[in-house]
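The structure appears right after this line, and notes come after that.
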Amino acid sequence: MRQKLIPSLLLGYDGLRRPLPLTGGQGGLILKEAYSLLKPVPLSGDLQKDIHAFLVTNGREDTASHCMAVGAEARRLAEAADCDPAQAEQAGWLHDIGAVYPNDVRIEAARLLNLDVLPEEEAFPMIVHQKLSRQMGHDLFGIRDAAVLDAAGCHTTLRPCSTLLDRAVFVADKIKWDQTGEPPYLNLLLPSLELSVTHAAFAYLSYMWDQRDKLRVVHPWLRSSYLELSAHLS
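Below you can see the structure in the form of structure tokens.
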């Protein structure tokens, strides 16, 4: 039996969504169309369990393991950074649920959900999964804590005016990365983490900025975050 989707749509959802011209039942149909490719799971009320089950059911067992690891690491970092560990853990669990969409349909899914798709995301669709994760956390898992959703929604690039919670989840994702071997930037990030999670976030952003000419795209959120933290820490 298909899980009932939450029909409510928030207009202008923190700047990530454009106002929808559709209301009521039509809005619900948009949600159903956007999520029609996914296999729903019955929600138990245990967010960790539900996210893990959702990812495994949708063929992303690797992502399920990664999300659990990032959640645990984000909690650990949040405790040291004096931000809410429970929020960090929840955002870590949520952060990659958008990966259930293959790259070739992510832009279409984002547009169906009326998310603002930037030119850099259209050129490199992998990046838009962070916005999808944010929206799916709201629509499919009933998360209403904006801080949790925001942290999940900027875990790849960070964002301008980021919070300590955003940075904790961002850094946790970089430490517990989802590829083989050791991250090439870890020797820069971990010493910086001894200073603060903000220093660690900047260490990763600096690593990416230094090789920006080699990147497929430079996301504007990453650029703004780098410049902002550079000024903040100087």
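The numbering of the sequence shown is the working numbering, which starts it at 534 and goes up by one.
Each residue gets a CB set at the ideal place from its N, CA and C atoms; glycine is no exception.
Since this is a predicted model, take the numbers as computed values, not measurements.
Taking the alpha-carbon of P652 as reference, which of L766, N591 and V750 has the nearest alpha-carbon? In this structure, V750 is the residue among L766, N591 and V750 with its C-alpha nearest to the C-alpha of P652.
If you follow the alpha helix (DSSP H) that H688 is part of, which residue opens it and which one closes it? Per DSSP, H688 belongs to no alpha helix (DSSP H) and is neither H nor E.
Neighbour-count burial assignment, H765, 16 or more Cβ in a 10 Å radius: Exposed, because fewer than 16 other Cβ atoms sit within 10 Å of the Cβ of H765.
Note down, in chain order, each residue of its chain lying with its Cβ closer than 6 Å to the Cβ of L726, except the 5 sequence neighbours on either side. Cβ-Cβ distances below 6 Å link L726 to A733 in the same chain, with the five nearest sequence neighbours on each side left out; the list follows chain order.
Among residues of its own chain, excluding the 5 on either side of S757, which ones have a beta-carbon nearer than 6 Å to its beta-carbon? Apart from sequence neighbours up to five positions away, the residues of its chain that approach S757 with a beta-carbon distance below 6 Å are P693, ordered along the chain.
Just how far apart, CA to CA, sit W742 and L627? If you take the alpha carbons of W742 and L627, they lie about 26 Å apart.
CB A621 to CB R608, shorter than 7 Å? In contact: A621 and R608 (Cβ atoms closer than 7 Å).
Cα separation between R593 and E641? Answer to the nearest angstrom: the Cα atoms are 20 Å apart.
Tell me L576's beta-bridge partners as DSSP assigns them. Per DSSP, L576 has no beta-bridge partner at all.
Using CA coordinates, which residue listed in P717, P716, N636 and G675 is at the minimum distance from L576? Nearest option by C-alpha distance: G675.
Pick out whichever of L721, K709 and D649 has its Cα sitting closest to the Cα of V603. Taking only the C-alpha atoms, the option nearest V603 is K709.
Could you check what DSSP says for L648 in three-state terms: helix, strand or coil? Looking at L648 - three-state DSSP - the assignment turns out to be strand.
So, with DSSP's three-state summary, where would you put I676? Reduced to three states, the DSSP call for I676 is coil.
Would you check if the distance between the CB atom of H599 and the CB atom of D711 is smaller than 7 Å? In this structure, D711 lies closer than 7 Å to H599 by Cβ.
Taking 6 Å as the limit between beta carbons, can you name the residues of its chain near E654, skipping five residues before and five after? Taking C-beta separations shorter than 6 Å and ignoring five residues to either side along the sequence, the partners of E654 in its chain run I660 and V661, following chain order.
Proximity of V778 and A632 at Cβ, strictly below 7 Å: Nothing about residue 778 can be reported from this structure: the residues present for the chain run from 534 to 767 only.
Span of the alpha helix (DSSP H) holding S569? It is not in any alpha helix (DSSP H) - S569 carries neither H nor E in the DSSP assignment.
How many angstroms separate the CA atom of A736 from the CA atom of L722? Cα to Cα, the separation comes out at about 5 Å.
Taking buried to mean at least 16 other C-beta atoms within 10 Å of its own C-beta, is S695 buried or exposed? So S695 counts as buried.
So what's G604 in DSSP terms, helix, strand or just coil? In the structure shown, the three-state DSSP call for G604 is helix.
Please determine, among F657, L691, R639 and A656, the residue with the shortest C-alpha to C-alpha distance to L669. Note that residue 669 is Met in the sequence shown here, rather than Leu. Closest by alpha carbon: R639.
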